[in-house]
Every structure is written in C-alpha cells, then in structure tokens.
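According to our numbering, the sequence shown holds residues 274 to 516 in order. All C-beta atoms, glycine included, are put in the ideal place defined by N, C-alpha and C. Report on the following structure.
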Amino acid sequence: MCLQEARKRNINLTKQEEEEIKKYIQELKANEEMRGYFNQYLRKIDSDENHFYRDLYKTRLINKLYSSITSKTTVSDSEIVNYYNTNKNQFKKRKIIDIFLKVENEEEDARKREIANKIVSELKKGENFEKLVKKYSEDDSASTTKGIIDYFRKGEKEAEYGSVFEEEVFKLAVGQISNVIKTVKGYHIVKVLDEKYMPLDEVKEEIQSKLMKQKKDEAFRLYIENLKKLSKINVYKDRTKDL
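Rendered as structure tokens:
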C-alpha cells in the first residue's frame, strides 16, 4: 500500500540514492569478514543480493513517503513546556558518593561480597561514609574524587556500571544509603548527596526532537489507516472457486 501511494505521489529514488544503495552493498562485500556475515544473513532470510537491493530500495521509498506526509508537522513551545512539566523525572540528575569493591574473578567474589556487607553494617551503626570510602574503596580515581560521582542523569552511567546500578541509585532519596549493589565490575554502596533538574533551555531541543518523532509517527499511522479504509478490495467469487 505504501509503495502504491508513493507511485501515486510520483515519489521515486534519485540516481544518486540508487547508487548509494549499490555502494552500501559493495562495501559489505568488500570486507572479507563483513561479506561472510552478509552472505550468512542472506541465507538466513532465504534471499539473495538482488532481493536485498530491492528491499533497501522499498525501504527508502517508504521513508521518502513518510517525509512527504509528515513534512508540515510542527511542535509548539507550549507542547514542549507541557512535556517538560509532566515528565520532569526524565531530567533529574543525581550526585552520589560511591564505595566500590572491584571483583576481577569468581574466586574473590564471595570475599568482596562479605566486605561489602560489613561496610553496610558499619554505615548502619553510624560510621562516616567518607571515612569508609577512604578505607575500602578500590576505585582508581577515589583518591582524587573521594568517591564522588558528579551529577548524572539516568542512562548516562549505564554503559559504565549497568542498568541495575542506575535503577538502585534513582530509587533512593537524597541522603539515603543503598544496600549492596552488584554490577559487572564488582560491588557498590552509594549515598545520594544531592539532586537537581536540568533546566528547560538545556533539554528543549531534545524534547522537541522526541515530540516531533511522536507526532510524525502518529500522523503517518493515521494516514495509512485512512488509506486502508478508503481502499476497495474486490473479491471475484466465481474465479476463486477455481484457485
């Protein structure tokens, strides 16, 4: 349906766009390792290079149709402000202090876990967090940072520590100390020192981009739904009996 609509609107790929697809396929084939993956992928989907080219061609046509249909979509300042005010938690940043125990192999895992539990017990008895950072933390930069990880937003530390670390940090209230947090690198005990919200001016373009995509996707979806409703499907019963 999308391809038919593209033809009706006289939407086609330019010669340059066609060459870009061919160049992309040639680049896949040029590298021996990538060529192996490419051929493996084609076998997996029971396809060949010509079909792969046509699939890419169709995808780019549909993308051009999408751009044509949604070209007049806009996002107002009031929509941006409203999104910011109703989704402020997305723009929250936390500043924490972290005691980190490095785990490099399975043999030392249990020992480090025991130390981490001991640290939590000491903290519950009122021991000073900063003192325990100095005593126990195995973070290479702890001597200069004193265990402090400056303001970060959810998602910014995921690559470094993993999603579990961030989930636990953002569950805590300011001043609260976590239980032992296990990550791919080892064990952490953290305390939330402060939190703040990113100002609207800092995230305005991000919100605009997000809302623009949402509105464009919805406009395109409604357009296709409308096409389906307007489409006429003829069924020739006298012919289908012979199929």
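Lys361 sits in a helix when the DSSP states are folded into three classes. Closest in C-alpha terms to Ile392, from the list Ala383, Ile372, Leu301, comes Ile372.
The beta carbons of Tyr434 and Lys365 sit no closer together than 7 Å. DSSP places Phe443 outside any alpha helix (DSSP H), giving it a letter other than H or E. A distance of 7 Å or more separates the beta carbons of Lys368 and Leu500. Rounded to the nearest whole angstrom, the CA to CA distance from Gly428 to Gln299 is 36 Å.
At a Cβ-Cβ threshold of 7 Å, Leu473 and Tyr356 do not count as neighbours.
For Leu466, there is no enclosing alpha helix (DSSP H); the enclosing beta strand (DSSP E) covers residues 459–470. Ile353 is a Cβ neighbour of Ile480, given a cutoff of 7 Å. Around the beta carbon of Tyr314, a 10 Å sphere encloses fewer than 16 other beta carbons of the protein chains shown; the residue is thus reported as exposed.
The way I'd put it, the segment 486–504 doesn't touch the segment 381–390; fewer than three beta-carbon pairs between them come closer than 8 Å. Beta-bridge partners of Lys375 (DSSP): Gly459. In this structure Tyr409 is not in contact with Leu445, their Cβ atoms being roughly 20 Å apart against a cut-off of 8 Å. The beta carbon of Ile335 lies closer than 6 Å to those of Cys275 in the same chain, with the five residues before and after it left out.
A distance below 7 Å between beta-carbons, with the five flanking residues on each side excluded, links Leu329 to the following residues of its chain, in chain order: Ile294. DSSP places Arg426 in the uninterrupted beta strand (DSSP E) bounded by 421–426.
Looking only at Ile450, Glu439, Thr418, the smallest Cα-Cα distance to Lys397 is reached by Ile450.
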